Structures are given as structure tokens and as C-alpha cells.
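Those protein sequences? They're chains A and B, same order as listed.
FYI, our numbering numbers position 18 of the first sequence as 18, with every residue one higher than the one before it.
FYI, our numbering numbers position 49 of the second sequence as 454, with every residue one higher than the one before it.
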Amino acid sequence: MSEIIIKMPPLGESVTEATVSQWLVKPGDKVKKYDPILEAISDKVVTEIPSSDDGVISELLVKENDVVSIGADILKMNTDEKAPVSNESSGPKESPVVSAPSGARFSPAVLKIAGEKNIDLSQVTGSGKGGRITRKDVLNFTPSATVTATVEPKAVQTAPVVQSQIQPVSSSDNDVVVKASPVRKIIAQNMLKSVQEIPQAWTMIEVDVTGLVKLRNSLKDDFKKQNGFSLSYFPFFVKAVSAALIHNPKMNSSWQNDEIIQHKDINISIAVATEDALFVPVIQHADRLSIIGIAAEVSRLAQGVRNNSLVKADNEGGTITVNNTGSFGSVESMGIINYPQAAILQVETIRKELSVLDDDKFGIRNKVNLCLTIDHRILDGLAAGRFLNEVKANLESIDMNTNIY
Amino acid sequence: MSEKTYLEALNLAIDEEMQRDPGVMIFGEDVGGVKGGVFGVTKGLAEKFGDERVFNTPLGESEIAGLATGLGLMGHHAIAEFQFADYILPAINQILSEATKMRYRTAGDWTAPIVMRAPYGGGVRGGFYHSQSTEKIFAGQPGLRVVTPSTVYDAKGMLKTAIRSEDPVLFYEHKKLYRSIKADISDADYTVPIDKANILQSGDDVTVIAYGMMLQYVLKATEELKDDISIEVVDLRSLYPLDKATIIEATKKTGKVLLVTEDPKEGSIMNNVSAVIAENALFDLDAPVQILAGPDSPSMPYAKDLEDAFLVNPEQVKAAIKDLAEF
């Protein structure tokens, strides 16, 4: 019997692990090469993992909701039906013993014995299915002197001082306890990583978009008829930001290991919310698109998020985020940077305002606040202000002659 | 020592107890005369002890159980035979409402010290009405013991203890074992407890608990796997009440438990065993408790292929043990 092991494939740059969202096959299923076998979630992207060969599934090595490292064994498959003899010499057999992946689940017996014997389970090699640490693995484990010596003080050091003051929230019978979904956990990790690593500064500018409102109102009915989707204000903002980025490349960068990477491509992440999650699909090369081109892309990505039809490429490569907070009535907000980007721009609600005009007369104008959060390691107030003023100028120059095509 | 089948061991137990206690009587459908029961468990007893102590009854199970209860009240350690465990259903009221509650409702003044024997289980091409495992129906009624021997030695020793018991005992006999297992057993007047599970083999990888024909399959698998997997084998013996202490102890020894029954899983005796483990040994479990059981199908079919498909087989038992060992 020739059995192969399928591993978690690379899911993109800097992705080191993925959560098993759903198995699409079960032991005994026959699969063809490239058939989807697994749905995995990494950094909010849901990816279908294809089979690398024809065969019959013999064993699933990871469970749904497990967090699996890239390259870890995920599935055993019997490729008997076509097993060529030459395969025999294709290299040493995979060792069945693998160390437990992070996020592994432990049986009550394992936890009890590990507790009694004061064993750090990360030091134990699992001999059970999928590298699971069994009760016997713990019973037979003899920690070397050096391991215990290094492990114990570490445990003390890493316990934060504040922890002793934090009382666990007691839940009463009236409370509803909802287990965080895999997507929610990834969102939480990314948000936390962003605020823990990036010193974030915030600024806001007010823009007069009276011309934009007039133009859009004159176009929207015909546009809907011709294109089948609505022309919102948002594509105009994305266009204005993309154009401003061409002259402000610092805004379009990331901090990586004491280096600032300025991205040549202008790929704009847009925030799309569903009932219980937040996704940031990407408009690739937004600077090369017309306003209608951006509008079509926004519509496609938003639909894609809702019916879960986006592919990996739709979620990759974002260099800055524009967030349409105005769509739910916000007038000012402080976004958290979409890690590892350098900035996030919040487009707030467009509202009518009584304004003092340049000639000291009063007038009713359409105003909007643009709120910008920046990575203060990369950007200072000057650069942020320059960029915001260019976005403002781009928006305020829109009038009835502006071409959306 | 002499070699006996499971059936011969049962016959011997009744014979010895009838000699020991002149109050012991046995009756049921075809039990008396030269026939000696449909399977032959009582063969030769009528000739030896006479028609007044070994006799036939009408085809009425309610009456058989009622007669046993009445004889019990008179002080007889009476033995009633239900021809098949499938036929016990008309006797439920007599067993559960009368015999079982007698000692309790008379504050100990009266007892029904009787044994009701019932051949159960499949694998003999008995079809719908001769293959069922009805023991679960009675598991849960304090006052009644439900027991079954799964070895030749226990067949004799447990039946003798059941006959001497001062409480009613439902004594299930696996009909497939009657003639399929043989062993050298002591000719002495020995007894075996009916309230204790028995550890047949000691091991530290996986604990397997079973009874009846399934226990024989477990022993076979254990022998075949002995070089690779160290298996603790527990013969449940007492189906109700359960020997909780032994079940818990055997669970703690390995942390991995496989329960095997030929009955459909839900509502089976093994579900009760599983509950004992969940309630008492959670923190010693290294794997979810596994139950290998028959299908959720109304009854065992007659056709051989279908009967084979219905019954848990030795290969499945072996695979389940290996699977759990690898977990």
C-alpha cells in the first residue's frame, strides 16, 4: 500500500499558520488531484486546499478549528490505485512521530498527569494520531534537568504583573457565552498585533464635497440602470486617495525589521463587514482604475465577501486601507491600522453644513470628515498632512465636468 | 477438572444445587421430560429429580414468572426458564412489579429468591424473535439483578450463586456460547460472585469492557494483538447494578476505554457503563469513550448475509481496539 501525506501548503507571504475551517472530505472518500479537500482560514482569507494527488483518503490528521503550521501534515491518502513501482525509491518515509502542533488539544488525563508531574507539554513528543500527546507519552516523559531549569523561571517571567489584578468576568445565567469563531479569533489577533506593535497617531481633516455630491446625484439613476449596481460616493474617495498616494509614497509603505518598505503598487484594502466578521479585500492597482472601474471592483468584492466567493488573490497585497465608516453614520472615528500597513483612512458621513464661504458669505455645503491613523514610526504629522491635503484637493476639484470613465 | 461446554456447566450448576437444596425447582416451556429444554440445558434433570421438581408449563410467560414468584414466597429457590429472552416481554409486569419489589414493599418480611433464566443474543440464525438482547429493558430496576456469565467457569459458578441469592435474579445466557465454548472447570462445588465485574486480562494501553459473545471476540482480538497492544479486558458480568468500582478502576488504568455490545448503542447496557465513566473518571480519560455496537435497526434479520452484517464481528472489534490504541 502506498500512502502519501498531504501537508498544509504555503498560503502566501508571511503566513505561518492557518486554521482548519472545514474538512471537505472524510476517510474513505475518493479524490482526484486538485479536488478541494479542506477549507482553511488564514488572516481572514478562506482558502480551499486542493488534493495533490489521486487516491482514497485514509486519515484526517488535524481537526476542524485546529491551528496548523504551514508544512504540517494534514491528511493521509492511499494512492494504491495507480501506485507506480518507481515511487518506492522516492525518498525516506515520513516519520509518523511529529511534535504536537501549537493549539493542540490535550486530553483530561494528559493535563492531569502533566500538572501532577509539573511537565511542560511543549517539551513532550506526541505519538498519537496527528502527533497528539497521549497519556502514556506524558507518563513516560522524563524531563531533562536543563529543560526544567530553563522552563520554570520563564513561566514566572512571562506572567504579567497585571494578571494578578484581573478578575475573571463572572457570567451569570442571563449572559450568553459565544465561542469565538476562527475568523473572529484571527481578527482579534490582527487587531491586537496592530495596536501592540504600531505606535498609532490620529488626525482629521474636513473636506467640502459639494461638487462631488452634485455630480454623483446627477449620475446615479442612469448609472444604476446601465451597470446594475449603485454608484456610491466611496469610489470617488478611493480614487482621490490612490491619486494622492502617487505623490506621497511614504503613505504606501510598511515597517519591517527596522526597514521601511515603500510599495510600488497601490493596492487599496477596503473594509467589508458581515454580521459577525470584518474582511479587508483589496482593490489591486487602484491608481490605474477609473472611478467606474473602482466602483465595479468595490461592488464585486463586497458581494464576494457576502457569498464567500473571493479567491486568495482578492485578499492579498493591500498597501493601505480606506474604510467607509460613513455608511453607518459615523462622523468621526479612529481606525486601527490594518497590519502591517502604514495608514488607514476613515471616510465619514457626508453631511450638510452652514458654512462661511471664501467671500465671507454663508452657504449650505456638503462636508465630510476624513480621519487618518498613521504608523508614527514611518510617518509624521507633516507627511500625513501633506497627503490629506492632496486627497482634499482631489475631492474638492470634482465638479460636473469630472469624468468617471 | 473436566471439560465442559457453557451449556453443560449450566446443567451442572442446576444439578448440584438441586442436590444441595431440595427446595430448588425448575420449570418452563419444554423444560421437563426427556426433552430437557429447547437447548438442552435441563437435559436429564427430570429423570434425576422427578416431574414434581422439573416440569413443563403452558406457553404463558407471565404465568411462568408469576409461578416462580409465588414459589419464592413459599421459600423455594425456584428457577424459571424463558425459552428465549425474546419471549420475556409478557412477563414484565410479574418481574418488575411483583418479584422485584417484594422484599421492599413487605419491609423484608417476604422475598422472591428466584432465578429467571433467559437465552439471549444473536449469531445463531434465529431471526427476529430468537436473537434479541432484552437485558437493557430490566437494567434500571432496583431490587432486581441482571447478570450474565460469558465464560464456562462463570456459567456454573454464577448460576449457583444466583440460585442461592435471596433476591430475584434475571440470568441471561448467550445462546451462541452454549456449545461454542468449552473449558476445563473444577468439579468442586464452587461459586462465583454475581455482583462483580471480572478482569480477565491485565493491560495498560486500552481497556475493553464487554459481555456475552462480544467478550469472546474481545479475547480473540486481544490474543491476536498481544505483541503490539497491552489490553485490559473486563467481563462485565453484572449488567445491573453495575460494578462501578471495577469499571472506574479499569478506566483509570489506561485512560482509553472501548465498550462492545451486540445491542444497538443508544439505550444499551454500554451506554450506562459509559455514563459511569463520564461521571467518575473524566480526568483520567485520554480519549473519548468508544462504543462499538450493533446497528440502529429493529431486529436481527434471518438471512445469513444480513445477520452477519447486523452483528459486530471480530474484525471490527480488532480494528476498534487498534484505532483507540493509536489515538
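Every residue gets a Cβ at the ideal spot worked out from N, C-alpha and C, and that includes glycine.
Small disclaimer: the values here were computed from a predicted structure and weren't measured.
Members of the segment 700 to 732 of chain B that neighbour chain A once the beta carbon cut-off is set at 8 Å = Of all residues in the segment 700 to 732 of chain B, Glu731 and Phe732 have a Cβ within less than 8 Å of some Cβ in chain A.
Report the rounded CA-to-CA distance for A/Lys26 versus A/Pro50, giving the unit in angstroms.
-> Roughly 14 Å separates the two Cα atoms.
Quick one: which chain A residues come within Cβ less than 7 Å of B/Phe487?
-> Here the premise fails: no neighbours, minimum Cβ distance about 42 Å.
According to the neighbour-count rule (16 or more other Cβ atoms, all chains shown, within 10 Å of its Cβ), is B/Pro703 buried or exposed?
-> For B/Pro703, the number of other beta carbons within 10 angstroms of its own is below 16, and it is reported as exposed.
Starting from the N-terminal side, write out each stretch of the beta strand (DSSP E) that is 3 residues or longer and does not extend beyond the segment 584 to 615 of chain B.
-> Here the runs fully enclosed are 587 to 590, 603 to 606 and 611 to 615.
Quick one: what does DSSP say B/His579 is sitting in, helix, strand or coil?
-> strand
Find the residues of chain A that neighbour B/Asp691, judging by a C-beta separation of less than 7 Å, and give them in chain order.
-> Ser107, Ala109, Val110, Thr134 and Arg135
Between A/Ser254, A/Ile292, A/Val298 and A/Val183, which lies nearest to A/Asp276 when the distance is taken from Cα to Cα?
-> A/Val183
Note down, in chain order, every chain A residue with its Cβ under 9 Å from the Cβ of B/Gly608.
-> Neighbours of B/Gly608 on chain A: none; closest Cβ ~12 Å, over 9 Å.
In or out: A/Asn118 buried (at least 16 other Cβ within 10 Å) or exposed?
-> By the neighbour-count rule (16 or more Cβ atoms within 10 Å), A/Asn118 is not buried but exposed.
Start and end residues, beta strand (DSSP E) containing A/Asn77 = In the sequence under discussion, the amino acid at residue 77 of chain A is Met, which differs from the Asn named in the question. Counting along the chain, the beta strand (DSSP E) containing A/Met77 begins and ends at Asp73 to Asn78.
Determine, using beta carbons only, whether A/Val97 comes closer than 8 Å to chain B.
-> Interpretation of A/Val97 is limited by its pLDDT of 39, a score under 50 that renders its predicted location unreliable; the figure taken from the coordinates is listed afterwards. Closer than 8 Å: no.
Go through its chain and collect everything with a Cβ distance to A/Trp202's Cβ below 6 Å, but skip five positions before and after it.
-> Met334 and Thr373
Three or more beta-carbon pairs under 8 Å between the segment 701 to 717 of chain B and the segment 531 to 547 of chain B, yes or no?
-> yes
Are there three or more Cβ pairs, one per stretch, closer than 8 Å when the segment 632 to 646 of chain B is compared with the segment 550 to 558 of chain B?
-> yes
Note down the Cα distance separating A/Val227 from A/Asp208, rounded to an integer number of angstroms.
-> The amino acid at residue 227 of chain A is misidentified as Val; the sequence shows Asn. Taking the straight line from one Cα to the other gives about 28 Å.
Chain-ordered chain A contacts of B/Leu687 [CB-CB under 7 Å] | When 7 Å is used as the limit between beta carbons, B/Leu687 is near these residues of chain A: Pro108, in chain order.
First and last residue of the uninterrupted alpha helix (DSSP H) at A/Lys112 = Pro108 to Lys117
Which value, in whole angstroms, describes the spacing of the CA atoms of B/Lys727 and B/Ile634?
-> 8 Å
On the three-pair Cβ rule with 8 Å, is the segment 716 to 725 of chain B touching the segment 617 to 636 of chain B?
-> yes
Buried versus exposed call for A/Ile57 [16 or more other C-beta atoms within 10 Å across all chains shown] | buried
Thinking C-beta only, is B/Ala418 closer than 8 Å to B/Gly437?
-> no
Can you check whether the CB of A/Ile270 is closer than 8 Å to the CB of A/Ala260?
-> For the record, residue 260 of chain A in the displayed sequence is Ile; it is not Ala. Result no, Cβ atoms of A/Ile260 and A/Ile270 do not sit closer than 8 Å.
Contact set between the segment 466 to 482 of chain B and chain A, restricted to residues whose Cβ is under 8 Å from the partner | none
Please state whether DSSP places A/Met251 in a helix, a strand or coil.
-> helix
Give the residues from the segment 327 to 348 of chain A that approach chain B closer than 7 Å (Cβ to any Cβ), ordered along the chain.
-> Identification of residues in the segment 327 to 348 of chain A having a C-beta nearer than 7 Å to some C-beta of chain B yields an empty set.
Going by CA-CA distance only, name the one from B/Asp426, B/Tyr583, B/Arg510 and B/Leu478 that's closest to B/Gly526.
-> Ranking the options by Cα distance to B/Gly526, first place goes to B/Tyr583.
Chain B residues whose Cβ lies nearer than 7 Å to that of A/Gly128 = Glu731 and Phe732
Do three or more CB pairs link the segment 382 to 399 of chain A to the segment 232 to 249 of chain A at distances below 8 Å?
-> yes
Indicate the three-state DSSP secondary structure (helix, strand or coil) for A/Val162 in the structure shown.
-> Only weak support exists for where A/Val162 lies, its pLDDT of 44 falling under 50; the coordinates are left without a value.
How should A/Leu382 be labelled, buried or exposed, when 16 other C-beta atoms within 10 angstroms of its C-beta is the threshold for buried?
-> A/Leu382 comes out exposed.
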